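Reviewing the structure listed below.
Listed below in structure tokens is the structure:
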């Protein structure tokens, strides 16, 4: 999977992401609840991996009043959006798999990002190396059933890790897991046009290197509608997973 392709897809979706990312917004709100429930401190310094348009960033600012947030994103285009949110935000552009935790940050958070990473084990080690004892690492990602319908038709999809695999990698790097859970969410769409718009406007289909032609798109739509249309509409499955960890 090409990181440049992913960055390009998300960059093109920045203007529409907040409108269409219903599931991602719900996930961010759940992260905030879990942070509060598990004693995440106020007035701390936070490194946010994959901040995007700032959905989680804004919630953290409102709920935890951090001193500073180092907001990372692969898309340089996100800098303007994030920097405009608050003067507490410092934009950190680049591939988070190659960036160490900023020295002034005490905790790490991330929402709907790490499923894109090519080496999750190494990333978790990188985070552990950059944090001190009792530092929090709170994140959401997606599991193997994510975008199930698209994978079934196209045969394409990310190499998602299971909940158990995530727990193993976290514990191996020295994290105590305070919370780990998974669920499924479905979006329902009135038509294939509506579904394709949702995919385009959230960037979730960023794995493909090329844009399919008209004939391929028609075939995809026909198969999708035949297999996944319900009385309520055409469904798309998300498989979010949540982790709250502390470095031992």
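In the numbering used here, the protein residues as written are 1 to 248. From the three backbone atoms N, C-alpha and C, an ideal C-beta is built for every residue, glycine too. Keep in mind that this is a model prediction, so the values were computed, not measured.
So, residue i versus residue j, is the Cβ gap smaller than 9 angstroms?
i: residue 34; j: residue 128; result: no
i: residue 50; j: residue 108; result: no
i: residue 85; j: residue 61; result: yes
i: residue 104; j: residue 71; result: no
i: residue 140; j: residue 28; result: yes
i: residue 163; j: residue 137; result: no
i: residue 101; j: residue 130; result: yes
i: residue 186; j: residue 236; result: yes
i: residue 52; j: residue 78; result: yes
i: residue 252; j: residue 243; result: As shown, the chain starts at 1 and ends at 248. That puts residue 252 outside it, with no answer to give.
i: residue 233; j: residue 189; result: yes
i: residue 165; j: residue 228; result: no
i: residue 99; j: residue 82; result: no
Can you tell me whether DSSP reads residue i as helix, strand or coil?
i: residue 149; result: helix
i: residue 101; result: coil
i: residue 248; result: coil
i: residue 236; result: strand
i: residue 89; result: strand
i: residue 141; result: strand
i: residue 160; result: coil
i: residue 77; result: coil
i: residue 40; result: coil
i: residue 113; result: coil
i: residue 57; result: helix
i: residue 154; result: helix
i: residue 28; result: helix
i: residue 214; result: helix
i: residue 84; result: coil
i: residue 21; result: coil
i: residue 71; result: strand
Could you name the residues of the same chain whose beta carbon sits closer than 7 angstroms to that of residue i, not counting the 5 residues immediately before and after it, in chain order?
i: residue 151; result: 157
i: residue 174; result: 128, 247 and 248
i: residue 143; result: 160, 162, 163, 182, 239 and 241
Counting C-beta neighbours from all protein chains within 10 Å, is the total for residue i 16 or more, i.e. buried, or is it exposed?
i: residue 332; result: In the structure as shown, the chain begins at 1 and stops at 248. Residue 332 is therefore absent and cannot be evaluated.
i: residue 230; result: exposed
i: residue 80; result: exposed
i: residue 67; result: exposed
i: residue 202; result: buried
i: residue 225; result: exposed
i: residue 191; result: exposed
i: residue 240; result: buried
i: residue 73; result: buried
i: residue 48; result: buried
i: residue 176; result: exposed
i: residue 89; result: buried
i: residue 215; result: exposed
Leaving out five residues on either side along the sequence, give the residues of the same chain with a beta carbon under 6 angstroms from the beta carbon of residue i.
i: residue 97; result: 117 and 123
i: residue 106; result: 44, 45 and 135
i: residue 63; result: 32
i: residue 76; result: 93
i: residue 200; result: none
Note down, in chain order, each residue of its chain lying with its Cβ closer than 8 angstroms to the Cβ of residue i, except the 5 sequence neighbours on either side.
i: residue 65; result: 42 and 43
i: residue 23; result: 185, 187, 238 and 240
i: residue 178; result: 38, 244, 245 and 246
Runs of beta strand (DSSP E) wholly within the region 168–203 (minimum 3 residues, chain order): The qualifying runs are 175–182 and 185–189.
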